[in-house]
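In our numbering, the protein residues as written are 3 to 278. Each residue gets a CB set at the ideal place from its N, CA and C atoms; glycine is no exception. Have a look at the structure below before the remarks.
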Amino acid sequence: MTRIGIVSRQQESDLARIPHVVRLVEDAGGTVVAESELRTADVVLVLGGDGTILRAAEGVRGTDIPVIGVNFGHVGFLAEADPESLADVVARLVVRDFTVETRMTLAVRVTQPDGSVETGWALNELALEKVERARMVDLTIGVDDHPISSYSCDALVVSTPTGSTAYAFSAGGPVVWPNVEAILIVPIAAHALFARPLVVGPDSTITVVMNEMGFVDGELWCDGRRRLAAPVGSHIEITHAEEPVHLARLWTSPFSGRLVAKFKLPVRSWRHQERP
Numbered sequence: 003m004t005r006i007g008i009v010s011r012q013q014e015s016d017l018a019r020i021p022h023v024v025r026l027v028e029d030a031g032g033t034v035v036a037e038s039e040l041r042t043a044d045v046v047l048v049l050g051g052d053g054t055i056l057r058a059a060e061g062v063r064g065t066d067i068p069v070i071g072v073n074f075g076h077v078g079f080l081a082e083a084d085p086e087s088l089a090d091v092v093a094r095l096v097v098r099d100f101t102v103e104t105r106m107t108l109a110v111r112v113t114q115p116d117g118s119v120e121t122g123w124a125l126n127e128l129a130l131e132k133v134e135r136a137r138m139v140d141l142t143i144g145v146d147d148h149p150i151s152s153y154s155c156d157a158l159v160v161s162t163p164t165g166s167t168a169y170a171f172s173a174g175g176p177v178v179w180p181n182v183e184a185i186l187i188v189p190i191a192a193h194a195l196f197a198r199p200l201v202v203g204p205d206s207t208i209t210v211v212m213n214e215m216g217f218v219d220g221e222l223w224c225d226g227r228r229r230l231a232a233p234v235g236s237h238i239e240i241t242h243a244e245e246p247v248h249l250a251r252l253w254t255s256p257f258s259g260r261l262v263a264k265f266k267l268p269v270r271s272w273r274h275q276e277r278p
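What follows is the structure, encoded as structure tokens:
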């Protein structure tokens, strides 16, 4: 019997639909696992947007349990289906009619000036932001033990391909197809002549130094959910993490189709021609 974990947004209207989903699962021959026991599930069904999917991914990371989203949020770029497909999604999950897609994650290690160390991880992005709104953080960026540039900026986003359509995209970073393993470095409002987004290999180590000349401390947000302190003088290392996140997929539509649909991109005068 397939065990389906359920994770929902916390709004009252979203929590109210959980009994209906439970009935769908049980009528299809499955059994429901509460959010507090997600690591005992065979697959996790998320009712919400990308933020709720990130919460579910946090609950099962380190296991092979896949996560699938039905979009009750806004854009829902990570979601696999819309609300009208909910019954079909449940039926297919119960008979395990899905494939699994592996997404890379990032690992971060922050060594603070007093020698203390904090670690974290992210599926979408690591966002280094200033603590004081009126000032900027002063950084030096390096890749594979070689310095690249120093500048002051409002924030710095280090993203996976999965996160390239999230915060990094809003900051002017490129969209990267999820089957490309790479790490994006996207500065926000940097005071520098050379402060363009960078795309580096998945085996690279990205170093960020919170320069002593800076006058404002930073804080590092992992997927906007988990905070690490990064005061002036901190040394930050970001690498490809060993533990990925698994997403369940029901359809084999290409990423380009998802991109066009989710961002409502205009596509005019397109003609598909068969090649000889």
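For residue i, the nearest candidate out of the options (CA to CA)
| i | options | result |
| --- | --- | --- |
| Tyr-169 | Arg-19, Gly-53, Ile-20, His-22 | Gly-53 |
| Val-69 | Asp-44, Trp-223, Val-77 | Asp-44 |
| Glu-127 | Ile-8, Ala-243, Val-269, Arg-270 | Ala-243 |
| Asp-147 | Ile-240, Val-77, Glu-39, Ile-67 | Ile-240 |
| Leu-47 | Ser-15, Phe-171, Ala-83, Phe-79 | Ala-83 |
| Phe-217 | Ser-236, Ser-10, Ser-87, Pro-268 | Ser-236 |
| Pro-204 | Ser-10, Thr-101, Ile-185, Pro-256 | Ile-185 |
| Ala-1 | Thr-121, Val-210, Pro-163 | Because the chain spans 3 through 278 in this model, residue 1 falls outside it and cannot be assessed. |
| Phe-265 | Thr-33, Val-77, Gly-32, Thr-101 | Val-77 |
| Glu-60 | His-193, Glu-131, Ser-258, Leu-108 | Leu-108 |
| Arg-98 | Arg-5, Ala-231, Arg-19 | Arg-5 |
| Thr-65 | Met-138, Thr-42, Leu-252 | Thr-42 |
| Glu-37 | Gln-12, Asp-116, Gly-31 | Gln-12 |
| Leu-56 | Trp-272, Arg-228, Glu-103, Gly-32 | Arg-228 |
| Val-110 | Thr-101, Val-102, Asp-116, Glu-120 | Glu-120 |
| Ser-87 | Leu-261, Gly-259, Val-262, Trp-253 | Trp-253 |
Contacts around residue i, its chain only, beta-carbon distance under 6 Å, and the 5 residues preceding and following it disregarded
| i | result |
| --- | --- |
| Gly-226 | none |
| Leu-200 | Ile-187 |
| Met-3 | Thr-33 |
CB-CB length for residue i against residue j, believed under 8 Å
| i | j | result |
| --- | --- | --- |
| Ser-166 | Val-177 | 5 Å |
| Met-212 | Val-234 | 5 Å |
| Pro-189 | Cys-155 | 5 Å |
| Gly-220 | Leu-130 | 5 Å |
| Tyr-153 | Ala-81 | Tyr-153 to Ala-81, Cβ: 36 Å. No contact. |
| Val-112 | Ile-208 | In fact, because the Cβ distance is near 13 Å, the residues do not count as touching under 8 Å. |
| Asp-140 | Phe-74 | Asp-140 to Phe-74, Cβ: 41 Å. No contact. |
Unbroken beta strand (DSSP E) run spanning residue i, endpoints
| i | result |
| --- | --- |
| Thr-54 | First-last for Thr-54: 52-62, but that is the alpha helix (DSSP H), not the beta strand (DSSP E). |
| Leu-141 | 139-145 |
| Ala-222 | Note that residue 222 is Leu in the sequence shown, not Ala. Looking at the DSSP string, the run of the beta strand (DSSP E) that includes Leu-222 is 220-224. |
| Pro-122 | For the record, residue 122 in the displayed sequence is Gly; it is not Pro. Here the beta strand (DSSP E) through Gly-122 covers 119-124. |
| Glu-131 | 127-132 |
| Ala-250 | 247-251 |
| Ser-161 | 157-161 |
Residue range of the alpha helix (DSSP H) that includes residue i
| i | result |
| --- | --- |
| Val-20 | Position check: residue 20 holds Ile in this sequence, whereas Val was assumed. It spans 20-29 - the alpha helix (DSSP H) in which Ile-20 sits, taken as one unbroken run. |
| Ala-263 | 257-265 |
| Val-92 | 88-96 |
| Leu-17 | 14-17 |
Cut-off 8 Å between Cβ atoms - residues of its own chain near residue i, not counting five sequence neighbours on either side
| i | result |
| --- | --- |
| Leu-40 | Gly-7, Val-9, Val-46, Ala-58, Gly-61, Val-62, Ile-67 |
Spatial neighbours of residue i in its chain, beta-carbon cut-off 7 Å, leaving aside the 5 residues before and after
| i | result |
| --- | --- |
| Ala-191 | Cys-155, Asp-156 |
| Thr-164 | Arg-105, Leu-125, Asn-126, Pro-180 |
| Ala-30 | Val-92, Ala-93, Val-96 |
| Ser-206 | Val-145, Asp-146, Ile-185 |
Below-8 Å beta-carbon distance, residue i vs any chain C residue
| i | result |
| --- | --- |
| Arg-135 | The chain labelled as chain C is not found in the depicted structure, where only one protein chain is given. |
- prompt: Enumerated in chain order, which unbroken segments of the alpha helix (DSSP H) with a length of 4 residues or greater are wholly contained in the stretch 166-223?
  reply: With a minimum length of 4 residues, the continuous alpha helix (DSSP H) runs that stay inside the stretch 166-223 are 169-172.
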